[in-house]
Every structure is written in structure tokens, then in C-alpha cells.
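In UniProt numbering, the protein residues as written are 1 to 170.
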């Protein structure tokens, strides 16, 4: 028995309201919510709070959120917290913050008042409210993007235009 090699192209998209950066989709929410309600909204939408793990994502999130949040209201939640263990910051997916990229303001985190457990971006560097805007992230969605119509069968599908990510299946 011989196996035929077929090339499938996948149309990589983001759901409505999301914008793609690299292979992740992001959506800005202007509604002011607590950290836990923001995280719940993201989960209900199939994602998590955004996790800016490098300078590129950081810059993208700022460009996405800035039009929604004029100064001085520029605060928004990200998926970073130390709710499980004080001082041990981790991303909302459970991975440790580590010693790599971070954007803590000088002197932060300081657990002021004994109850600072969730991180947010702030233009001014100090939170004024327990509720903030937030940004969700989720993986891009893909579907096979193939030709169809008269003369096509499963063995003779060909890629159509407007697709990305050539994936060879054997």
C-alpha cells in the first residue's frame, strides 16, 4: 500500500473582535471589571487574560489598549498574579514569571497594604480602582482551506488563495 502525500493549507484567523499578533489573537475590553471577573470573561470567550512575556507582546498590547483608554484612565489587567503564594508571581496559565522579561515599576511588587495579588499595566504606576479594563488572548483558529467544486475529490483537492501555514500531511 502506498501513501500519497497531500499538502493542506490552513486559513489562520481570529474570532470577531480579536486582532492577531504572531500566532495569538488579542481582544481589548473597555468594561471595568475585577481581576477574577476579567479572567472569567476571557475563559468564557475561549481564552485567558493576556500574558505579555516579551517586549513585542508588551508593545502590541499597549497599541491595542491605548485607543480605548485615554489618559489618565490607562490601567488594564494582564494574566499575572501571586494569589497562590505571596511573592511568587505566576502567569494565569500556571507558569512562573521567572527572571526573564518583566515590566515591574521600580520598587514593585511591594504588596502594599498586604493585598496586592494581581498585576495590571498602568500609565501612572499606581492603581486607583479594584476594577480595570482588560485584554484577553486566545490561540488562532485554523481550518483546512481547499479547493472545491466540479472535478475535485479528496485525492485531488488543491490549495485556494487566502490561506497561510503550509502543513504537509503524509
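For each residue, glycine too, the CB sits at the ideal point set by N, CA and C.
Item                                                                                                                                                                       : Value
Alpha carbon to alpha carbon, how far is residue 14 from residue 56?                                                                                                       : 19 Å
Using a 10 Å radius around the Cβ and a threshold of 16 neighbouring Cβ atoms, would you call residue 89 buried or exposed?                                                : buried
Under a three-way DSSP split, which group does residue 75 fall into?                                                                                                       : strand
Provide the residue(s) that pair with residue 141 in DSSP beta bridges, ordered along the chain.                                                                           : 13
Should residue 52 go down as buried or exposed, given a rule of 16 or more other Cβ atoms within 10 Å for buried?                                                          : buried
For residue 28, collect the residues of the same chain with a Cβ closer than 6 Å to its Cβ; drop the 5 residues on either side in sequence, then sort them by chain order. : 64, 65, 68 and 135
Going by DSSP in three states, residue 148 sits in which element: helix, strand or coil?                                                                                   : Caution applies to residue 148, whose pLDDT of 46 falls short of 50 and renders its modelled position unreliable; the value that the coordinates give is listed next. Reduced to three states, the DSSP call for residue 148 is coil.
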